[in-house]
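Engineer: Below is a structure I'd like to ask you about.
Numbering (my numbering), first residue to last: 55 to 233.
Below is the structure:
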């Protein structure tokens with residue numbers, strides 16, 4: 055499964071122009087409501103300015119949680135509408151789940167290796183280099199929900215306003231004391 059994900063990432067990224075805003079890299083904090091667990095996520099976002107996006111991603115829930123596990127998979131996002139600088143999207147995610155402490159669970163069918171499907175919705179800022187996002191997901195295999203809050207950096211974006219390489223815009227009003 056890891057080789058398949060790596061091959062997919064390499065194939066998709068070989069056709070991207072980073073200077074044209076072709077890829078984003080993101081991190082997220084995750085909260086699982088049913089297991090009351092916290093985790094961290096990592097993602098690549100191919101063609102973040104398109105209506106349809108392909109997003110390889112991974113997540114890890116550390117051992118201090120009730121459930122210690124990691125996920126690796128691929129999400130597909132489809133923007134359903136836009137409001138000013140924000141995209142609202144639906145997502146579908148398929149992946150591999152390694153449940154590291156499954157022996158301690160009383161759940162029927164608990165095992166180390168699992169295939170999972172998730173569906174959900176999210177919102178992302180659709181401008182600038184730094185793009186915060188929020189997602190709500192439902193995991194059909196374990197019948198649980200999670201919330202992801204994160205930030206993504208888009209390479210080669212055309213940032214308007216503030217940014218690492220842009221200077222602050224000057225106000226139309228000048229003040230003789232400070233100019």
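The C-beta atom is built at its ideal place from N, Cα and C for all residues, glycine as well.
Is it the case that the region 125–143 contacts the region 154–163, given that we only count it when at least three CB pairs across the two stretches are under 8 Å?
Structural biologist: Because the criterion of three Cβ pairs below 8 Å is not met, the region 154–163 and the region 125–143 do not touch.
Engineer: How about residue 174 and residue 192: do their beta carbons lie closer than 8 Å?
Structural biologist: Yes, these two residues count as a Cβ contact at 8 Å.
Engineer: Please state whether DSSP places residue 90 in a helix, a strand or coil.
Structural biologist: In this structure, residue 90 counts as coil in the three-state DSSP scheme.
Engineer: Just verifying my parser: in three-state terms, what is the DSSP assignment at residue 157?
Structural biologist: Helix.
Engineer: Which of the three DSSP states, helix, strand or coil, is assigned to residue 103?
Structural biologist: Looking at residue 103 - three-state DSSP - the assignment turns out to be coil, as it is neither helix nor strand.
Engineer: According to DSSP, is residue 196 helix, strand or coil?
Structural biologist: Residue 196: coil per DSSP, three-state reduction.
Engineer: Whole angstroms is fine: what's the gap from residue 121's alpha carbon to residue 107's?
Structural biologist: When rounded, the distance between both Cα atoms is 30 Å.
Engineer: In whole angstroms, what is the alpha-carbon distance linking residue 151 and residue 137?
Structural biologist: The straight-line gap from Cα to Cα measures roughly 34 Å.
Engineer: Out of 180, 112 and 167, state which residue places its alpha-carbon closest to the alpha-carbon of residue 143.
Structural biologist: The shortest C-alpha separation from residue 143 is found at 180.
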